[in-house]
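Asks:
Protein chains: 2
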Amino acid sequence: MNSPDNIIDALSIDCLIFGFKKGELDILLVQHGEGISKGKWALPGGWIRYNESVSDAAVRLLHDLTGVENIYMEQLGVFGDVDRYPQKRVITIGYFALVKPENYKLHAGFTASDARWFKLSEVPKMPYDHTQILDSGVKHLKHKVRHEPIGFNLLPRKFTLHQLQEVYEAVLGTKLDKPNFRRKLMKMNLLAPSKEKQKDVSHRAASLYKFDKRTYDKLKEKGFTFEL
Amino acid sequence: MNSPDNIIDALSIDCLIFGFKKGELDILLVQHGEGISKGKWALPGGWIRYNESVSDAAVRLLHDLTGVENIYMEQLGVFGDVDRYPQKRVITIGYFALVKPENYKLHAGFTASDARWFKLSEVPKMPYDHTQILDSGVKHLKHKVRHEPIGFNLLPRKFTLHQLQEVYEAVLGTKLDKPNFRRKLMKMNLLAPSKEKQKDVSHRAASLYKFDKRTYDKLKEKGFTFEL
DNA sequence: AAGGCTTATAGTCAATTTGACCATCAAGTT
DNA sequence: AACTTGATGGTCAAATTGACTATAAGCCTT
Numbered sequence: 000m001n002s003p004d005n006i007i008d009a010l011s012i013d014c015l016i017f018g019f020k021k022g023e024l025d026i027l028l029v030q031h032g033e034g035i036s037k038g039k040w041a042l043p044g045g046w047i048r049y050n051e052s053v054s055d056a057a058v059r060l061l062h063d064l065t066g067v068e069n070i071y072m073e074q075l076g077v078f079g080d081v082d083r084y085p086q087k088r089v090i091t092i093g094y095f096a097l098v099k100p101e102n103y104k105l106h107a108g109f110t111a112s113d114a115r116w117f118k119l120s121e122v123p124k125m126p127y128d129h130t131q132i133l134d135s136g137v138k139h140l141k142h143k144v145r146h147e148p149i150g151f152n153l154l155p156r157k158f159t160l161h162q163l164q165e166v167y168e169a170v171l172g173t174k175l176d177k178p179n180f181r182r183k184l185m186k187m188n189l190l191a192p193s194k195e196k197q198k199d200v201s202h203r204a205a206s207l208y209k210f211d212k213r214t215y216d217k218l219k220e221k222g223f224t225f226e227l
Numbered sequence: 000m001n002s003p004d005n006i007i008d009a010l011s012i013d014c015l016i017f018g019f020k021k022g023e024l025d026i027l028l029v030q031h032g033e034g035i036s037k038g039k040w041a042l043p044g045g046w047i048r049y050n051e052s053v054s055d056a057a058v059r060l061l062h063d064l065t066g067v068e069n070i071y072m073e074q075l076g077v078f079g080d081v082d083r084y085p086q087k088r089v090i091t092i093g094y095f096a097l098v099k100p101e102n103y104k105l106h107a108g109f110t111a112s113d114a115r116w117f118k119l120s121e122v123p124k125m126p127y128d129h130t131q132i133l134d135s136g137v138k139h140l141k142h143k144v145r146h147e148p149i150g151f152n153l154l155p156r157k158f159t160l161h162q163l164q165e166v167y168e169a170v171l172g173t174k175l176d177k178p179n180f181r182r183k184l185m186k187m188n189l190l191a192p193s194k195e196k197q198k199d200v201s202h203r204a205a206s207l208y209k210f211d212k213r214t215y216d217k218l219k220e221k222g223f224t225f226e227l
């Protein structure tokens with residue numbers, strides 16, 4: 000096969016970086032400091048370098064922006080409508096990341112003059128097809144959170160069952176029964192109890208758990224699938 | 000954001016086209032007629048045109064190859080390792096398609112000198128990262144078939160419950176209990192009985208059903224999710 | 001035409017899981 | 001010491017699942 004060189008002008012990456020605070024999902028946006036989209040809040044992103052794999056580029060961009068190394072991250076897909084970007088043919092690859100609150104501090108990166116978290120319900124109008132990318136990511140999150148144990152990537156390493164429940168309630172937009180939720184989760188054996196308890200609460204302190212990846216991997220080999 | 004133009008050389012599409020016959024999954028490959036990969040069987044693919052969205056390109060390529068318009072199709076993801084393609088930096092977008100047996104006839108397309116179906120178990124070594132793309136697609140299929148009603152896209156429009164069961168057994172690599180499988184599927188109300196029966200079988204003819212997309216869409220709105 | 005094959009389809013039943021609850025417990029607060 | 005708040009533990013009927021058994025419809029042979 001012969002390739003018609005340079006049939007597109009450029010290939011970018013745009014990141015959906017989700018966080019969770021006060022019972023609500025947040026998304027990290029940056030304010031563009033130059034170009035046509037100056038002043039607008041948009042998804043953080045950047046360009047793929049020539050000698051860098053697509054996934055390396057995503058890791059690099061995510062790191063530059065948040066300063067964090069071990070973020071949960073996956074590729075969301077390609078957004079390639081002809082007129083998604085003005086003037087030139089730019090195709091972008093959407094990435095999807097979940098960050099823990101302890102990593103909520105962030106760098107202001109590259110060409111962004113500022114960066115901050117928005118509640119999902121208060122995301123402003125964004126340029127290009129970023130709103131479409133976000134919708135696609137939220138849909139993906141809703142689906143995935145029910146079929147794979149990824150919810151705790153939005154929580155501190157040690158978390159209470161109730162915090163986890165709040166994540167599910169926020170993502171799925173439903174209320175869940177507390178005893179039933181805990182019963183279901185505990186039976187899966189994916190939560191390893193740490194000996195610690197919650198602190199600084201004005202009521203009985205809840206036990207803290209952490210996700211037991213080792214056990215999950217073992218169970219998965221035996222055919223177990225997470226379902227909620 | 001300023002884009003460093005043409006940081007990659009080209010962007011291609013590669014298609015995973017799955018079929019189902021004789022209780023086994025098939026995949027459609029083409030034999031390359033020119034270039035470095037001459038003579039090798041590989042995934043069918045092509046280039047994205049300047050004035051064409053990525054998804055339009057996928058539809059076009061799939062149509063050129065199979066001659067079929069309404070194929071079940073979705074984007075699988077981007078494969079962008081630096082050295083996945085010799086000499087140049089070519090990034091590819093994997094697409095994932097399921098075709099019905101009545102559409103098994105195909106055109107030999109563009110630069111492919113030949114095209115044919117391979118059983119999944121007999122796929123030859125493929126050039127570039129095509130084996131990786133295939134593995135990724137099979138994994139995706141295994142997951143998706145359990146969480147969304149897409150299995151019948153590998154069957155004729157009207158099919159028997161047992162045919163459907165065979166699809167699941169082939170994809171998942173397990174044996175399923177016949178009465179239990181039928182009970183579960185029937186309870187979902189996603190299969191509309193056609194008045195017809197199987198023909199030319201040397202035993203009691205089974206009823207034919209078709210997937211009832213309308214009902215599925217309604218149920219989905221109400222929060223139903225397909226699970227098997 | 002009768003009996004035998006083969007696969008479809010129906011039904012049974014115990015074990016497990018779910019959904020909707022109520023009850024008790026362990027802190028901190030007044 | 002009583003009260004408040006949320007954690008944790010149980011109960012129970014209903015629904016679902018998994019492992020089977022039983023019966024029904026056809027063709028195929030003799």
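These protein sequence lines are chains A and B, in that order. Just so you know, numbering that gives the first Met the number 0 puts 196 at position 197 of the first sequence, and the rest follows in order with no gaps. Just so you know, numbering that gives the first Met the number 0 puts 205 at position 206 of the second sequence, and the rest follows in order with no gaps. All C-beta atoms in this analysis are idealised placements derived from N, C-alpha and C, irrespective of residue type, glycine included.
At the 9 Å Cβ level, is residue 50 (chain B) part of the contact set with chain A, yes or no?
Replies: Residue numbering aside, residue 50 (chain B) sits at position 51 when the second sequence is read from its first letter. At least one chain A Cβ lies under 9 Å of residue 50 (chain B).
Asks: Report the rounded CA-to-CA distance for residue 52 (chain B) versus residue 136 (chain A), giving the unit in angstroms.
Replies: For the purposes of this step, residue 52 (chain B) is identified with residue 53 of the second sequence, where counting begins at 1. For the purposes of this step, residue 136 (chain A) is identified with residue 137 of the first sequence, where counting begins at 1. Approximately 20 Å, taken between the alpha carbons.
Asks: Name the chain B residues that come within less than 7 Å of residue 80 (chain A), Cβ to Cβ?
Replies: To locate residue 80 (chain A), count along the first sequence from 1; it is residue 81. By Cβ distance, chain B contributes 52.
Asks: Tell me the rounded alpha-carbon separation between residue 150 (chain A) and residue 193 (chain A).
Replies: In the first sequence, counting from the first residue as 1, residue 150 (chain A) sits at position 151. In the first sequence, counting from the first residue as 1, residue 193 (chain A) sits at position 194. Their Cα atoms are separated by approximately 18 Å.
Asks: With DSSP run on the structure shown, which of helix, strand or coil describes residue 54 (chain B)?
Replies: Position 55 of the second sequence, counting from 1, holds the residue named residue 54 (chain B). Note: residue 54 (chain B) maps to helix in three-state DSSP.
Asks: Whole angstroms are fine: how far does the CA of residue 32 (chain B) sit from the CA of residue 224 (chain B)?
Replies: Here residue 224 (chain B) refers to the residue found at position 225 of the second sequence. Here residue 32 (chain B) refers to the residue found at position 33 of the second sequence. Straight-line Cα distance between these residues: approximately 45 Å.
Asks: Nearest by alpha-carbon distance to residue 76 (chain B): which of B:70, B:93, B:182 and B:161 is it?
Replies: Here residue 76 (chain B) is taken as the residue at index 77 of the second sequence, counted from 1. The residue with the shortest Cα to Cα distance from residue 76 (chain B) is B:93.
Asks: State buried or exposed for residue 179 (chain B), treating a residue as buried only when at least 16 other CB atoms are found within 10 Å of its CB.
Replies: Within the second sequence, residue 179 (chain B) is the residue found at index 180, counting from 1. When all chains shown are included, residue 179 (chain B) counts as exposed.
Asks: Identify the residues that DSSP records as bridge partners of residue 76 (chain A): which are they?
Replies: Sequence index remark: in the first sequence, residue 76 (chain A) carries index 77 (1-based). BP columns for residue 76 (chain A) point to A:93.
Asks: Show which residues of chain B have a CB atom less than 9 Å away from the CB atom of residue 170 (chain A).
Replies: Looking up residue 170 (chain A) in the first sequence gives position 171. Within chain B, no residue comes near residue 170 (chain A); the closest Cβ sits about 14 Å away, beyond 9 Å.
Asks: Please classify residue 166 (chain A) as buried or exposed, where buried requires at least 16 other C-beta atoms within 10 Å of its C-beta.
Replies: To locate residue 166 (chain A), count along the first sequence from 1; it is residue 167. Buried, by the Cβ-count rule.
Asks: Would residue 29 (chain A) and residue 82 (chain A) qualify as a contact pair, given that the criterion is a beta-carbon distance under 9 Å?
Replies: The residue labelled residue 29 (chain A) in the question sits at position 30 within the first sequence. The residue labelled residue 82 (chain A) in the question sits at position 83 within the first sequence. For residue 29 (chain A) and residue 82 (chain A), no; Cβs fall outside 9 Å.
Asks: Mind checking residue 129 (chain A): buried by the 16 CB within 10 Å criterion, or exposed?
Replies: In the first sequence, the residue the question calls residue 129 (chain A) occupies position 130. So residue 129 (chain A) ends up on the buried side.
Asks: Who are residue 206 (chain B)'s beta bridge partners in DSSP?
Replies: Residue 206 (chain B) sits at position 207 when you count from the first residue of the second sequence. DSSP lists B:196 as partners of residue 206 (chain B).
Asks: Between which two residues does the alpha helix (DSSP H) holding residue 29 (chain B) run?
Replies: Here residue 29 (chain B) refers to the residue found at position 30 of the second sequence. First-last for residue 29 (chain B): 23-31, but that is the beta strand (DSSP E), not the alpha helix (DSSP H).
Asks: Just to confirm, are residue 226 (chain A) and residue 120 (chain A) a CB contact at a threshold of 9 Å?
Replies: Within the first sequence, numbered from 1, the residue matching residue 226 (chain A) stands at position 227. Within the first sequence, numbered from 1, the residue matching residue 120 (chain A) stands at position 121. No; because the gap between Cβ atoms is not below 9 Å, this pair is not in contact.
Asks: For residue 111 (chain A), does the count of other Cβ atoms within 10 angstroms reach 16, so buried, or fall short, so exposed?
Replies: Numbered from its first residue, the first sequence carries residue 111 (chain A) at position 112. Low confidence applies to residue 111 (chain A): its pLDDT is 47, below 50, so where it sits in the model is not reliable, and the reading given next is rough at best. Per the 10 Å Cβ criterion, buried.
Asks: Between the Cα of residue 25 (chain B) and the Cα atoms of B:91, B:199, B:74 and B:103, which residue gives the shortest distance?
Replies: Indexing the second sequence from 1 puts residue 25 (chain B) at position 26. The residue with the shortest Cα to Cα distance from residue 25 (chain B) is B:103.
Asks: Restricting to runs no shorter than 4 residues, where is the alpha helix (DSSP H) found entirely within the stretch 83-171 of chain B?
Replies: As far as the stretch 83-171 of chain B is concerned, its whole alpha helix (DSSP H) runs of at least 4 residues are 129-146 and 160-171.
Asks: Pick from A:138, A:58 and A:54: whose alpha carbon is nearest that of residue 172 (chain A)?
Replies: Counting from one through the first sequence, the residue named residue 172 (chain A) turns up at place 173. Answer by Cα proximity: A:138.
Asks: Less than 9 Å separating the beta-carbons of residue 140 (chain A) and residue 95 (chain A)?
Replies: Numbered from 1 along the first sequence, position 141 holds the residue referred to as residue 140 (chain A). Numbered from 1 along the first sequence, position 96 holds the residue referred to as residue 95 (chain A). Cβ distance < 9 Å, so residue 140 (chain A) and residue 95 (chain A) count as in contact.
Asks: Where does residue 211 (chain B) fall in DSSP's three states?
Replies: Working through the second sequence from its first residue, we reach residue 211 (chain B) at position 212. The answer is coil: DSSP assigns residue 211 (chain B) none of H, G, I, E or B.
Asks: Give a yes or no on whether the minimum CB-CB distance between residue 220 (chain A) and chain B is below 9 Å.
Replies: Looking up residue 220 (chain A) in the first sequence gives position 221. False, the Cβ-Cβ gap to chain B never drops below 9 Å.
Asks: Using the C-alpha atoms, what's the distance from residue 65 (chain A) back to residue 109 (chain A)?
Replies: The sequence position of residue 109 (chain A) within the first sequence is 110, counting from 1. The sequence position of residue 65 (chain A) within the first sequence is 66, counting from 1. Because residue 109 (chain A) sits at a pLDDT of 45, beneath the cut-off of 50, its placement in the model cannot be relied upon, and the point is left open.
Asks: The beta strand (DSSP E) that contains residue 184 (chain A), what's its start and end?
Replies: For the purposes of this step, residue 184 (chain A) is taken as residue 185 along the first sequence, with counting starting at 1. Per DSSP, residue 184 (chain A) belongs to no beta strand (DSSP E); it is in the alpha helix (DSSP H), 177-187.
Asks: State yes or no: is the beta carbon of residue 76 (chain B) nearer than 9 Å to at least one beta carbon in chain A?
Replies: Counting from one through the second sequence, the residue named residue 76 (chain B) turns up at place 77. At least one chain A Cβ lies under 9 Å of residue 76 (chain B).
Asks: From the DSSP output, in three-state form, read off residue 42 (chain B) for me.
Replies: Counted from its first residue, the second sequence places residue 42 (chain B) at position 43. Looking at residue 42 (chain B) - three-state DSSP - the assignment turns out to be coil, as it is neither helix nor strand.
Asks: With DSSP as the reference, label residue 20 (chain A) as helix, strand or coil.
Replies: Taking the first residue of the first sequence as 1, we reach residue 20 (chain A) at position 21. Strand.
Asks: Can you pull out the residues from the stretch 144-156 of chain A whose beta carbon lies closer than 7 Å to at least one beta carbon of chain B?
Replies: The residues in question are 146.
Asks: Check residue 63 (chain A) in the structure and name its three-state DSSP category.
Replies: Residue mapping note: residue 63 (chain A) aligns to position 64 of the first sequence, counting from 1. Three-state result, residue 63 (chain A): helix.
Asks: Would you report the Cα separation of residue 84 (chain B) and residue 7 (chain B), rounded to the nearest angstrom?
Replies: Here the question's residue 84 (chain B) lines up with position 85 in the second sequence. Here the question's residue 7 (chain B) lines up with position 8 in the second sequence. Going by the C-alpha atoms only, they are around 12 Å apart.
Asks: Since residue 88 (chain B) meets chain A, which of its residues come closer than 7 Å, beta carbon to beta carbon?
Replies: For the purposes of this step, residue 88 (chain B) is taken as the residue at position 89 of the second sequence. Those within 7 Å of residue 88 (chain B) in chain A are 49.
Asks: Which same chain residues end up closer than 8 Å to residue 159 (chain B) when comparing Cβ atoms and leaving out the 5 residues on each side of it in sequence?
Replies: Here residue 159 (chain B) is taken as the residue at index 160 of the second sequence, counted from 1. Cβ neighbours of residue 159 (chain B) beyond the five flanking positions: 197, 205, 206, 207 and 208.
Asks: Measuring only the C-alpha atoms, how far is residue 125 (chain A) from residue 163 (chain A)?
Replies: By 1-based counting over the first sequence, the position of residue 125 (chain A) is 126. By 1-based counting over the first sequence, the position of residue 163 (chain A) is 164. Their backbone Cα atoms lie some 30 Å apart in a straight line.
Asks: Is the CB-CB distance between residue 156 (chain B) and residue 99 (chain B) below 9 Å?
Replies: For the purposes of this step, residue 156 (chain B) is identified with residue 157 of the second sequence, where counting begins at 1. For the purposes of this step, residue 99 (chain B) is identified with residue 100 of the second sequence, where counting begins at 1. In contact: residue 156 (chain B) and residue 99 (chain B) (Cβ atoms closer than 9 Å).
Asks: Using the Cα positions of residue 132 (chain B) and residue 57 (chain B), report the straight-line distance between them to the nearest angstrom.
Replies: On the second sequence, position 133 is the one that residue 132 (chain B) refers to. On the second sequence, position 58 is the one that residue 57 (chain B) refers to. C-alpha separation (whole angstroms): 16 Å.
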